[in-house]
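J.: Before anything else, here's the structure in question.
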């Protein structure tokens with residue numbers, strides 16, 4: 001039997017650069033209160049959001065993804081032609097064919113890369129990060145870019161306060177390359193398909209969510225995935241400098257933080273307060289914000305977890321670039 005030749009010289013992968021794009025329009029809770037039965041206290045007490053960003057017509061998925069991706073490439077120090085894999089994570093593509101991965105790659109000046117779209121709901125960024133890091137370690141790619149981008153306002157009923165106050169738009173990106181010392185831990189991922197209808201786009205074309213069911217699932221089941229991600233990476237909660245879960249609900253973030261027992265030194269990402277729930281874009285947006293503010297720094301160890309429609313989840317331990 002012939003033995004397959006395995007890749008050598010690429011024992012690990014790491015994030016080389018991050019980038020983010022936030023739409024121009026800020027929408028406050030008071031603005032929403034003017035068009036629906038809600039108020040600032042009601043929204044902040046339930047989900048922790050003070051404002052969110054909504055994309056204008058010219059801020060398309062391709063435009064936002066290209067903007068975030070360009071920043072990530074610039075931060076990585078690589079040239080576009082050094083990237084050979086592009087994974088675009090999104091749950092809000094209105095037109096599935098053609099995919100936007102190849103379009104964004106072309107806009108970024110990346111010549112003839114492997115390019116695809118991936119939909120794992122709000123876990124899309126972490127799923128994509130797991131795929132590209134494994135591809136690099138296997139020798140299937142040299143460098144890759146992962147972009148999470150959403151226009152959830154396209155699939156949100158603006159008369160339904162249970163969803164309209166939560167969902168938002170934006171894009172975040174990460175360039176990933178080979179590393180002698182691994183900077184992305186093994187992914188801990190899975191799904192609970194028996195609850196697939198908890199988050200779905202219904203016949204009207206709008207998002208519907210069983211909020212209480214998702215909240216119970218996230219606060220009772222997902223700490224197991226976080227623990228598994230740390231165990232696979234060989235670290236403990238005491239080693240984690242930054243905790244950046246999907247920015248779905250501030251109450252969920254606080255519950256996870258308490259259950260995992262993080263110490264005072266751990267920075268907790270709370271980007272949801274000013275960005276809303278941006279699905280597959282939320283984790284790179286949150287990490288970029290923490291690094292821009294100085295709350296997180298290069299070399300910090302971050303624990304991330306994406307979770308959402310499917311129901312899907314995926315978590316990793318990362319070394320920040």
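In the UniProt record's numbering, the protein residues as written are 1 to 321. Backbone N, C-alpha and C define an ideal beta-carbon position, used for all residues, glycine too.
#1: So is residue 284 buried or exposed if we call it buried at 16+ other beta carbons inside 10 Å?
#2: State buried or exposed for residue 76, treating a residue as buried only when at least 16 other CB atoms are found within 10 Å of its CB.
#3: Would you mind stating whether residue 187 and residue 90 have Cβ atoms separated by less than 9 Å?
#4: Under 6 Å Cβ to Cβ from residue 171, same chain only, skipping five residues before and after it: list those, please.
#5: Nearest-angstrom Cα distance between residue 254 and residue 244?
#6: Once you ignore the five residues that flank residue 29 on each side, which residues in its own chain have a CB closer than 6 Å to its CB?
#7: Between which two residues does the alpha helix (DSSP H) containing residue 243 stretch?
#8: Is residue 316 near residue 126, with beta carbons less than 9 Å apart?
#9: So what does residue 42 bridge to, in DSSP terms?
#10: According to DSSP, residue 151 sits in a beta bridge with which residue or residues?
#11: Go to residue 307, then tell me how far its beta strand (DSSP E) extends in each direction, as first and last residue.
#12: Taking residue 287 and residue 309 to be in contact with their CB atoms under 8 Å, please state how far apart those CB atoms are, rounded to whole angstroms.
#13: Compare the Cα-Cα distances from residue 52 to each of 24, 184, 192, 222 and report the closest residue.
#14: Cβ of residue 207 within 9 Å of Cβ of residue 262?
#15: Given that a residue counts as buried once 16 or more other Cβ atoms are within 10 Å of its Cβ, and exposed if not, what is residue 304?
#16: What are the start and end residues of each continuous alpha helix (DSSP H) run of 4 or more residues lying completely inside the region 54–87, in chain order?
#17: Mapping the DSSP letters down to three states, classify residue 117 as helix, strand or coil.
#18: Counting only the same chain and skipping the five closest in sequence on each side, list residues whose C-beta sits under 6 Å from that of residue 249.
#19: Please state the DSSP three-state secondary structure of residue 273.
#20: Let me know the secondary structure DSSP gives residue 19 once reduced to three states.
#21: What residues match up with residue 201 in a beta bridge as DSSP calls it?
#22: At a cut of 8 Å, does the region 107–125 reach the region 77–96 through at least three beta carbon pairs?
#23: Would you please state the rounded distance, in angstroms, between the beta carbons of residue 78 and residue 113? I believe it to be under 8 Å.
#24: Identify whether residue 298 lies in helix, strand or coil by the three-state DSSP scheme.
#25: Is it true that the CB of residue 162 sits closer than 9 Å to the CB of residue 209?
#26: Identify which residue in 218, 137, 71, 203 has its Cα closest to the Cα of residue 18.
#27: Comparing alpha-carbon positions, which option in 267, 178, 37 lies nearest residue 291?
#28: Could you check which residue in 192, 240, 277, 201 has the C-alpha nearest to that of residue 252?
#29: Can you tell which of 123, 131, 144 has the C-alpha that lies nearest to the C-alpha of residue 199?
#30: Under three-state DSSP, which class holds residue 177?
T.: In short:
#1: Numbered from its first residue, the chain shown carries residue 284 at position 284. With 16 or more other Cβ atoms within 10 Å, it is buried.
#2: Start at 1 with the first residue of the chain shown, and residue 76 comes out as number 76. It counts as buried.
#3: As a working mapping, residue 187 is identified with position 187 in the chain shown. As a working mapping, residue 90 is identified with position 90 in the chain shown. Against a cut-off of 9 Å, the Cβ pair of residue 90 and residue 187 comes out as no contact.
#4: As a first step, residue 171 is located in the chain shown; it is residue number 171 there, counting from the start. Here the set comprises 21, 64, 65, 68, 149, 281.
#5: Counted from its first residue, the chain shown places residue 254 at position 254. Counted from its first residue, the chain shown places residue 244 at position 244. Near 11 Å, if we compare the C-alpha coordinates of residue 244 and residue 254.
#6: The sequence position of residue 29 within the chain shown is 29, counting from 1. Cβ within range, chain order: 40, 43.
#7: Within the chain shown, numbered from 1, the residue matching residue 243 stands at position 243. No alpha helix (DSSP H) contains residue 243, which is instead part of the beta strand (DSSP E) from 242–245.
#8: In the chain shown, the residue the question calls residue 316 occupies position 316. In the chain shown, the residue the question calls residue 126 occupies position 126. Closer than 9 Å, so yes.
#9: Counting from one through the chain shown, the residue named residue 42 turns up at place 42. For residue 42, which the question treats as bridged, DSSP gives no partner whatsoever.
#10: Against the chain shown, residue 151 aligns to sequence position 151. 169.
#11: Locating residue 307 in the chain shown gives position 307, counting from the first residue. Note, residue 307: beta strand (DSSP E), 301–308.
#12: Start at 1 with the first residue of the chain shown, and residue 287 comes out as number 287. Start at 1 with the first residue of the chain shown, and residue 309 comes out as number 309. Incorrect: roughly 22 Å between the Cβ atoms, too far for contact.
#13: To locate residue 52, count along the chain shown from 1; it is residue 52. Per the Cα distances, 24.
#14: Counting from 1 along the chain shown, the entry for residue 207 is found at position 207. Counting from 1 along the chain shown, the entry for residue 262 is found at position 262. No.
#15: On the chain shown, position 304 is the one that residue 304 refers to. With 16 or more Cβ atoms within 10 Å of its Cβ, residue 304 is classed as buried.
#16: 61–76
#17: Taking the chain shown and counting its residues from 1, one reaches residue 117 at position 117. If DSSP states are grouped into helix, strand and coil, residue 117 belongs with the strands.
#18: Indexing the chain shown from 1 puts residue 249 at position 249. The residues are 47.
#19: Locating residue 273 in the chain shown gives position 273, where the first residue counts as 1. Residue state, collapsed to three classes: helix.
#20: For the purposes of this step, residue 19 is taken as the residue at position 19 of the chain shown. Here residue 19 sits in strand by DSSP.
#21: For the purposes of this step, residue 201 is taken as residue 201 along the chain shown, with counting starting at 1. Paired residues: 207.
#22: Flag = yes, the region 107–125 and the region 77–96 touch.
#23: Residue mapping note: residue 78 aligns to position 78 of the chain shown, counting from 1. Residue mapping note: residue 113 aligns to position 113 of the chain shown, counting from 1. The pair is not a contact, with the Cβ atoms about 12 Å apart (cut-off 8 Å).
#24: Here residue 298 refers to the residue found at position 298 when the chain shown is read from its first residue. Three-state DSSP puts residue 298 in coil, outside helix and strand.
#25: Here residue 209 refers to the residue found at position 209 of the chain shown. Here residue 162 refers to the residue found at position 162 of the chain shown. Contact: yes.
#26: Within the chain shown, the letter at position 18 stands for residue 18. The candidate whose alpha carbon is nearest that of residue 18 is 71.
#27: Within the chain shown, numbered from 1, the residue matching residue 291 stands at position 291. Among 267, 178, 37, the Cα nearest to that of residue 291 is on 267.
#28: Against the chain shown, residue 252 aligns to sequence position 252. When each option's Cα is compared against that of residue 252, the closest is 277.
#29: By 1-based counting over the chain shown, the position of residue 199 is 199. For the residues 123, 131, 144, the minimum Cα distance to residue 199 belongs to 123.
#30: Counting from 1 along the chain shown, the entry for residue 177 is found at position 177. In this structure, residue 177 counts as strand in the three-state DSSP scheme.
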